[in-house]
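>
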Amino acid sequence: MERTMKPKIDFTKIKNALPIDIALAHYGITLKVSGPRLVGCCPIHDGTNKRAFVVSTDHRAWHCFGDCKRGGTVLDLVRALEKCSLVEAAKIIAKRYGLGASR
2 MERTMKPKID
12 FTKIKNALPI
22 DIALAHYGIT
32 LKVSGPRLVG
42 CCPIHDGTNK
52 RAFVVSTDHR
62 AWHCFGDCKR
72 GGTVLDLVRA
82 LEKCSLVEAA
92 KIIAKRYGLG
102 ASR
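See below:
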């Protein structure tokens, strides 16, 4: 029996290729500029605190300081919004933006 190898997903390539604000725009999430960051209500837990969800585009990271306390990279954002695994989030991003997902 011959085993087929699944291609390994290059998570670093995917998270570095897609700016987090582009992903936010795809989901219709609008945030306000506050100094070097973007802030708004958390789209993950549908929060109402207008300053709880913070995005650092320079660091390509986000964090909710409200109820869900989640954060991470664009991969984690898509995973949370799509309610899927990290692997599935990587595949979604790769397909949606025409990025090669494998190494």
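Under my numbering, the residue at position 23 of the sequence shown is numbered 24, and the numbers go up by one with no gaps.
C-beta: ideal position from N, C-alpha, C; glycine also.
1) For Val56, does the count of other Cβ atoms within 10 angstroms reach 16, so buried, or fall short, so exposed?
2) Determine contact between the stretch 52 to 71 and the stretch 33 to 41, defined as no fewer than three beta-carbon pairs at a distance below 8 Å.
3) Kindly confirm or deny that the stretch 56 to 73 and the stretch 88 to 97 touch, where touching means at least three C-beta pairs closer than 8 Å.
4) Please classify Lys9 as buried or exposed, where buried requires at least 16 neighbouring CB atoms within 10 angstroms.
5) Measure the alpha-carbon distance for Lys84 versus Ile45 and round it to whole angstroms.
6) With His64 as the anchor, note down where its alpha helix (DSSP H) starts and where it stops.
7) Taking the DSSP output, what are the residues bridged to Gly101?
With the structure as the only source:
1) With 16 or more other Cβ atoms within 10 Å, it is buried.
2) Flag = yes, the stretch 52 to 71 and the stretch 33 to 41 touch.
3) Verdict: no, contact absent.
4) Classification of Lys9: exposed, given that the 10 Å Cβ count is below 16.
5) Rounded to the nearest angstrom, the two C-alpha atoms are 10 Å apart.
6) Per DSSP, His64 belongs to no alpha helix (DSSP H); it is in the beta strand (DSSP E), Ala62 to Cys65.
7) Looking at the DSSP output, Gly101 shares a beta bridge with no other residue.
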